[in-house]
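Just below is one structure, and these are the notes that go with it.
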Amino acid sequence: MKNLILLSLFLSIAPELNWKTDFQEAKDLSKASDKKILLVFSGSDWCKPCIQLHRSLFETDEFAAYAEANLVLLKADFPSQKKNQLSKEQTIKNEELASKYNPNGEFPLAVFLNNEGKVLGSFGFDKAKTPAAYIKEFEKYLK
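This note's numbering numbers the first residue of the sequence shown as 27 and each following residue consecutively.
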């Protein structure tokens, strides 16, 4: 019971990531909050490095706290399994983002943008990096 109470307390204070899927909404939030946009291209159900990046970075409390304070999160997912397919409208939006910000089709690819959509930097998955190492690297893009 004690462990259940501690788990409930932890979950209630751990920041929950709020991934956006609309670029204009992300830009508007970025302007209003003075935060940079982190646009992540992912193949959530077929790309092993994408899944690993999510588990080793995006699903950590360290990243969640950092993101809440500094980033507007935007996801462009490209699932392959029929059960995970996105709406036609969302697929078109993601393809438009990819044509502009990921023309080489790299997966995973995370791109830092300012509130006008200008690229500030990017990164991919590095299995040797810790969340702290990624976050330290982010600082050079977010100044």
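We put the CB at the ideal spot given by N, CA and C, even for glycine.
Just so it is clear, the structure is predicted and the values come from calculations on it, not from any experiment.
Where does residue i land, buried or exposed, given buried means 16+ other C-beta within 10 angstroms?
i              : result
lysine 108     : exposed
valine 145     : exposed
lysine 53      : buried
alanine 93     : buried
asparagine 44  : exposed
asparagine 130 : exposed
isoleucine 118 : exposed
Which of helix, strand or coil does DSSP assign to residue i?
i                 : result
leucine 35        : Note on leucine 35: pLDDT 42, under 50, position unreliable in the model; the coordinate value appears next. Leucine 35 falls in the helix class under three-state DSSP.
alanine 154       : coil
aspartate 87      : helix
tryptophan 45     : coil
phenylalanine 164 : helix
leucine 123       : helix
aspartate 54      : helix
If I measure Cβ to Cβ from residue i and keep anything under 8 Å in the same chain, skipping five residues before and after, which residues do I get?
i             : result
isoleucine 39 : Unreliable positioning characterises isoleucine 39 in this predicted model, as indicated by a pLDDT of 49, which lies under 50. The coordinate reading is nonetheless provided below. The answer is none, since no qualifying residue turns up.
serine 106    : Gly69, Asp71 and Trp72
Can you check whether the CB of residue j is closer than 8 Å to the CB of residue i?
i           : j           : result
lysine 155  : leucine 97  : no
alanine 102 : leucine 123 : yes
serine 82   : proline 134 : no
Excluding sequence positions up to five away, which residues of its chain have a Cβ less than 7 Å from the Cβ of residue i?
i           : result
valine 137  : Leu65, Tyr127, Val145 and Ser148
leucine 56  : According to the sequence shown, residue 56 is serine rather than leucine. So the list reads Lys62, Ile63, Val98 and Asn141, once near-sequence residues are dropped.
leucine 139 : Lys62, Ile63, Leu65, Val145 and Leu146
Can residue i be considered in contact with the ligand MN, in the sense that its beta carbon sits closer than 7 Å to one or more heavy atoms?
i          : result
alanine 90 : In the structure on display, the ligand MN does not appear, and there are no ligands present to speak of.
Quick check on this structure: which residue in the options has the alpha carbon closest to the alpha carbon of residue i?
i             : options                          : result
tryptophan 72 : Ala93, Gln111, Gln116 and Ser125 : Gln111
leucine 100   : Glu88, Phe84 and Lys114          : Phe84
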